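Student: Read top to bottom, the protein sequences are chains P and G.
Here the working numbering is used: the first residue of the first sequence is -19, the next is one more, and so on.
Here the working numbering is used: the first residue of the second sequence is -19, the next is one more, and so on.
I'd like to ask some things about the structure below.
Number of protein chains: 2
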Amino acid sequence: MNRSNRTSTVVDAEAAGSYAAWFKALADPTRIRLLHLLAAEGRPMSVGEIVERSPVGQSTVSHHLKVLTEVRFVLQEKQGTSTRYQVNRTCLTVFPAAVAAILAEARTELPREDDRGR
Amino acid sequence: MNRSNRTSTVVDAEAAGSYAAWFKALADPTRIRLLHLLAAEGRPMSVGEIVERSPVGQSTVSHHLKVLTEVRFVLQEKQGTSTRYQVNRTCLTVFPAAVAAILAEARTELPREDDRGR
DNA sequence: CACCTGATTCGACGTCCGTCAACATAGACA
DNA sequence: TGTCTATGTTGACGGACGTCGAATCAGGTG
């Protein structure tokens, strides 16, 4: 395996950009806590409820939730005046796989992120 | 399980900061490519060799290698006038574990990052 | 209809980041 | 010793980011 001397480009420039975007979404303590909160609760939560448990303001929470939503780490579901956010369980598979790809761990095939939604 | 209403704080403010620092180190396409290059080659590489395969300047590569070294994703080994960089294989274990912790995947115990060095 | 409440967006501020060119450092070798 | 080569560091510049308060928008409710 890996028979050529060319760097087996599993991670080319384009993929590097995508991966970087994912990591960038987690490159902030507040977002990590938000994501962990949602994951730990394991249920859709409203913004207000999340704000109550966060040390930052409501607009900040809203902003971070938007960032996490854009990279599909969390999914949103509007219900009238309220908006429920929940963690996207697909990340459990796709994210460690991305790390494995970067670290050239060939044993794991990178699954497609095909949870159609948005 | 999860009998209390307190968020089971596996990821508290301090841990969130640490994790964010790790992710921040990967939140850049260039660093991801550098890390992947080192991982794919699977051997210590000199800065010049890395620069040859990178689209950015030498000082930039040096800077990014420093960042990756500070969070221990890569290890450095000085040899006279040259410096060899190689990927830290411990990341293969500790990094997915961190992701699992954030995503509240309780099944994996977070291993200590005790590859004494630095 | 007027009002209240929950959520997003806007504008601003200070800070940090990625990149480069230029300079500084430090082994190797004649 | 002096020079060469490989690497690290500095300073600067442009752009992006995190946070906040204020303004705005959109559903319910009376």
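Heads up, the beta-carbon is just placed ideally off N, CA and C, and yes, glycines get one too.
Only a predicted model underlies this, so the values are computations on that prediction, with no experimental measurement involved.
#1: Using the Cα positions of A80(P) and N68(G), report the straight-line distance between them to the nearest angstrom.
#2: Can you name, in chain order, every residue of its own chain whose Cβ lies under 6 angstroms from the Cβ of A7(P), other than the five neighbours on each side?
#3: I need the straight-line Cα distance from R64(G) to A(-5)(G), nearest angstrom please.
#4: Compute the Euclidean distance between the alpha carbons of G60(P) and S26(P), then round it to the nearest angstrom.
#5: E21(G) by DSSP, collapsed to three states: which one?
#6: Measure from the C-beta of L15(P) to each C-beta in chain G and report whether the shortest distance is under 8 angstroms.
#7: List, in order along the chain, the chain G residues whose C-beta lies closer than 7 angstroms to that of I12(P)?
#8: Measure the beta-carbon distance from R33(G) to L18(G) and round it to whole angstroms, keeping in mind my assumption that it falls under 8 angstroms.
#9: Tell me the start and end of each unbroken beta strand (DSSP E) in the region 45 to 89 of chain P that is at least 3 residues and wholly inside, in chain order.
Tutor: In short, the structure shows the following:
#1: 13 angstroms
#2: none
#3: 31 angstroms
#4: 12 angstroms
#5: helix
#6: yes
#7: V(-9), A(-4), Y(-1), A0 and I82
#8: So it is not a contact: roughly 11 angstroms between Cβ atoms.
#9: 54 to 59 and 62 to 67
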